[in-house]
Amino acid sequence: MATPDRPENSQPAGQDDAELPVPLLYRDAMMLVIDKPAGLPSHRGPQAKRRIIPVLTDYLDALRFGLPRKPEAAHRLDKDTSGCLVLGRHPRAMAELNQMFRDGRIDKTYWAIVQGSPAEDEGLIDFPLAKRSPERGWWMKVDPAGLPSQTRYRVLGRGESEHGPLAWMSLEPLTGRTHQLRVHCQASGWPMLGDEIYGDAPREGGPGLQLHARAIAVPLYKKRDPITVEAPPPPHMLAALGACGWKPQG
1360 MATPDRPENS QPAGQDDAEL PVPLLYRDAM MLVIDKPAGL PSHRGPQAKR RIIPVLTDYL
1420 DALRFGLPRK PEAAHRLDKD TSGCLVLGRH PRAMAELNQM FRDGRIDKTY WAIVQGSPAE
1480 DEGLIDFPLA KRSPERGWWM KVDPAGLPSQ TRYRVLGRGE SEHGPLAWMS LEPLTGRTHQ
1540 LRVHCQASGW PMLGDEIYGD APREGGPGLQ LHARAIAVPL YKKRDPITVE APPPPHMLAA
1600 LGACGWKPQG
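For the sequence shown, the residue numbers in this note's numbering are 1360 to 1609.
Shown next as structure tokens:
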């Protein structure tokens, strides 16, 4: 049996993985990293309560892997964002992971497709953010009196669509505000493709939000390199990524 502070295994593969309710990217004695599908809420919030839809918490029992407790999400991804989501497997793990997220010691990299053509190939977006209103507390806006918010960006590719130029972006949030990446891109003049809140995407029949938690690096174990995990691009982003020069490996 693995001790709580030693890796069990990494990047698992096997016949049992196909039976899991969500794709598993990494597993050890402290944490799991799953590939959260777009459209799956992390918890049953007000919108999910009004409709009979699955949420991540419905699936946690299948991710215990022999432990007595269900794992818990150590951070959040928006419902329509896909990709790497870290789960703590027991209270000690959750305490350590939560502290690392609060301290900004966990590096997160997102891929996004934006509408428009950033003038620079890389840079720093530095716009403070605040809530739009008490009624829509999770909607955000740029506000000089808001909380400091910074995002590092890099253009990985450029392309065209029937509606105009596109750019494939790598985004690294240096702070962790609600909807930070979406608002920062919109305020920079290049809203995310498929964003129905901060962009011009229709609420039905659109391409889906083109935002993916591509990679995460977690320095969980002392005297070891950070655990780095990548999530493959989701199906709904492949067409736009291809238009911007991305090619599948292999």
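Where a beta carbon is used, it is the ideal one built from N, C-alpha and C, also for glycine. Quick caveat: nothing in here was measured; it's all calculated off a predicted structure.
| Query | Result |
| --- | --- |
| Residue range of the unbroken alpha helix (DSSP H) whose run includes residue 1598 | 1597-1602 |
| Any 3 or more C-beta pairs closer than 8 Å across the segment 1446-1454 and the segment 1467-1482 | no |
| Contact under 8 Å by Cβ, residue 1399 with residue 1414 | yes |
| Nearest neighbour of residue 1497, chosen from 1536, 1426, 1601, 1582 [CA to CA] | 1536 |
| C-beta contact flag for residue 1527 and residue 1515 at 8 Å | yes |
| Residue 1502 vs residue 1443 beta-carbon contact at 8 Å | no |
| Residue burial classification, residue 1441 (beta-carbon count within 10 angstroms, cutoff 16) | buried |
| Extent of the continuous alpha helix (DSSP H) run through residue 1459 | 1450-1462 |
| Distance CB(residue 1389)-CB(residue 1452) smaller than 8 Å | yes |
| Separation of residue 1429 from residue 1379, as counted between CA atoms | 14 Å |
| Burial state of residue 1595 (16 or more Cβ within 10 Å) | buried |
| Beta-carbon proximity check, residue 1592 vs residue 1579, cutoff 8 Å | no |
| Start and end residues, beta strand (DSSP E) containing residue 1501 | 1499-1501 |
| Coil, strand or helix - residue 1545 by DSSP | helix |
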